[in-house]
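Beneath this line is the structure, given in structure tokens, with notes to follow.
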Amino acid sequence: MKIINIMVGGPASELPELEQYTNSEIEWVGVDRGAKRLLDRGITPTIAMGDFDSLTKEELTHLKTKVANVLEFPAEKDETDTEIGLSWAMDQHPDKIRIFGATGGRLDHLLANLMMLTKPRFQAAVPVVEMIDRYNYIKMYTPGTYTIEKLPDKKYVAFTTMKDVTGLTLKGFVYPLENATYPVGSALSSNEFVEQVGEFSFTSGMILLTQSND
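Here the sequence shown stands for residues 1234 to 1447, where the numbers follow this note's numbering.
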């Protein structure tokens, strides 16, 4: 399985321990200050990219001595740095893309990162992208039927509608549903797995699934 990990510039306090997500076959992409976060943790990214407006000149110079491929973009642009990183990762055709550092800190950055996968240009990335922080595992879903496993360190599961959703059915959860309809922006939060596996399905819309712990 080909995996690409992307580190963006969210607060370091929100990051999980990275050792469990790292091995010699996994490529790391450093986006903006995320590239420095990787170097600070002893991880050298394959590539670093972004406008680097969150780095000092000295930090950027040091970054260029450590990372072989650094792509600089103007601060005024039509894409966010995270979108640039995701576009590059998609072009490598991986089986999985993990994004770290996308949550916490500025609310506008969080919303941009969550809404990113609702854009038509990123629809092909939806099945392979997941976002991970210290407290949350986040994944977007398009219509279909899915079986998901409870993550060992997570207690809660939530279903948030990113578009109008029809035909939502939840099985194997404390609060089940059958063929329900919800408008965009509905947060079905604080649900839990009955056992270790749950199933959900829906016929139209888009759902953001979160497994979380306190």
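Ideal placement from N, C-alpha and C gives every residue a C-beta, glycine not left out.
Query: Beta-carbon proximity check, M1323 vs A1358, cutoff 8 Å; Result: yes
Query: C-alpha distance - F1426 paired with G1338, whole-angstrom precision; Result: 29 Å
Query: Assigned secondary structure, N1424 (DSSP; H/G/I helix, E/B strand, else coil); Result: strand
Query: Chain C within 8 Å of T1380, Cβ atoms only; Result: Among the protein chains of the structure shown there is no chain C, as only one such chain exists.
Query: Neighbourhood of Y1408 by C-beta distance below 7 Å, restricted to the same chain and skipping five residues each side; Result: N1424
Query: Contacts around M1364, its chain only, beta-carbon distance under 6 Å, and the 5 residues preceding and following it disregarded; Result: I1332, A1335 and I1371
Query: Three-state secondary structure assigned by DSSP to E1432; Result: strand
Query: Check whether I1440 and F1392 have beta carbons under 8 Å apart; Result: yes
Query: M1395 vs T1351 beta-carbon contact at 8 Å; Result: yes
Query: Assigned secondary structure, R1266 (DSSP; H/G/I helix, E/B strand, else coil); Result: helix
Query: 7 Å CB neighbourhood of K1387 in its chain, flanking five on each side removed; Result: Y1370, Q1444, S1445 and N1446
Query: Exposed unless 16 or more other CB atoms sit within 10 angstroms - verdict on K1310; Result: exposed
Query: Cut-off 7 Å between Cβ atoms - residues of its own chain near D1286, not counting five sequence neighbours on either side; Result: A1308
Query: Burial state of K1269 (16 or more Cβ within 10 Å); Result: buried
Query: Residue from Y1379, T1414 and Y1389 whose Cα sits closest to the Cα of K1404; Result: Y1379
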